[in-house]
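There are 2 protein chains.
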Amino acid sequence: MVQYQASLDHSFGALADPTRRAILLRLGRSDASISELCDGFEMTLTGLKKHVHVLEEAGLVTTQKVGRVRQCRLGPRRLEDVTKWIEQYGTMIEQRFDRLEAFLERTKGTP
Amino acid sequence: MVQYQASLDHSFGALADPTRRAILLRLGRSDASISELCDGFEMTLTGLKKHVHVLEEAGLVTTQKVGRVRQCRLGPRRLEDVTKWIEQYGTMIEQRFDRLEAFLERTKGTP
Chain A
1 MVQYQASLDH SFGALADPTR RAILLRLGRS DASISELCDG FEMTLTGLKK
51 HVHVLEEAGL VTTQKVGRVR QCRLGPRRLE DVTKWIEQYG TMIEQRFDRL
101 EAFLERTKGT P
Chain B
112 MVQYQASLDH SFGALADPTR RAILLRLGRS DASISELCDG FEMTLTGLKK
162 HVHVLEEAGL VTTQKVGRVR QCRLGPRRLE DVTKWIEQYG TMIEQRFDRL
212 EAFLERTKGT P
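So the sequence lines, in the order shown, correspond to chains A and B.
Position 12 of the first sequence, counting from 1, maps to 12 under the working numbering, and the rest follow consecutively.
So the working numbering is basically just the index in the second sequence, starting at one, shifted up by 111.
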């Protein structure tokens, strides 16, 4: 449970930045080297590397040195925990509205 | 677009903490005063108020002073933007696997 919470902290924290979200969407299309990634962003290589590192720490991106190039790809994690949490939250809200509806139905016509 | 990104930054940032996620799930069940919320968490009132404030800034919780009590409830936002982003990311990953599958299908039997 503690590990699940820590993993969620990392995932949500990693997603709380527009550049990091854009990197994930970019890598969703295809793998890319750090330099290729950098071409798409108005940012220094150092700045971009920091963002990639945060994503790597969260397990959302994997990097591998191939010769002189560092290749980036998605994974090993795929935001399964984040999706699960969002679904759990959504279900809870729905159940609450269902209860509210049932209550209004029961009390209909009650003065 | 900038506003959408800033809103996502706030939402994901607010969710990057186990206490704040627990507060959202607690308020998903029913509205609660700050003191009622505090009963469920091993935390000082001041610490809890700070978390509620972050959720309020992100638009995920609304508070209202009723007499001497501050009532908390969910909203006005309901993580719609977060859900939308997660779905967009999921769709992209699926499309990529579809393309990979199609490529493997096309090259099947090729030496």
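We put the CB at the ideal spot given by N, CA and C, even for glycine.
Which residue's Cα is closest to the Cα of residue 13/A: 82/A, 96/A and 107/A?
82/A
Where residue 32/A sits in the DSSP three-state scheme:
strand
By Cβ distance below 8 Å, which residues in the same chain neighbour residue 163/B in space, the five residues on each side in sequence not counted?
134, 145, 148, 172, 174 and 183.
Which residues in the same chain have their Cβ closer than 8 Å to the Cβ of residue 181/B, if we skip the five residues on either side of it in sequence?
144, 145, 174 and 175
Neighbour flag for residue 48/A against chain B, beta carbons, 8 Å
no
Is the Cβ of residue 134/B closer than 8 Å to any Cβ of chain A?
no
Residue 158/B versus residue 41/A: straight-line alpha-carbon distance, rounded
38 Å
Output yes if chain A places a C-beta closer than 8 Å to the C-beta of residue 171/B; else output no.
no
For chain A, find out if any of its Cβ atoms is closer than 8 Å to the Cβ of residue 86/B; answer yes or no.
There is no way to answer for residue 86/B, as the model of chain B reaches only from 112 to 222.
For residue 68/A, three-class secondary structure by DSSP
coil
Sorted by chain position, which residues of the same chain lie with C-beta nearer than 8 Å to residue 167/B's C-beta, five sequence neighbours on each side aside?
173 and 174
Assuming residue 140/B contacts residue 78/A (C-beta within less than 8 Å), just tell me the rounded distance between them.
Not confirmed; about 29 Å, so no contact.
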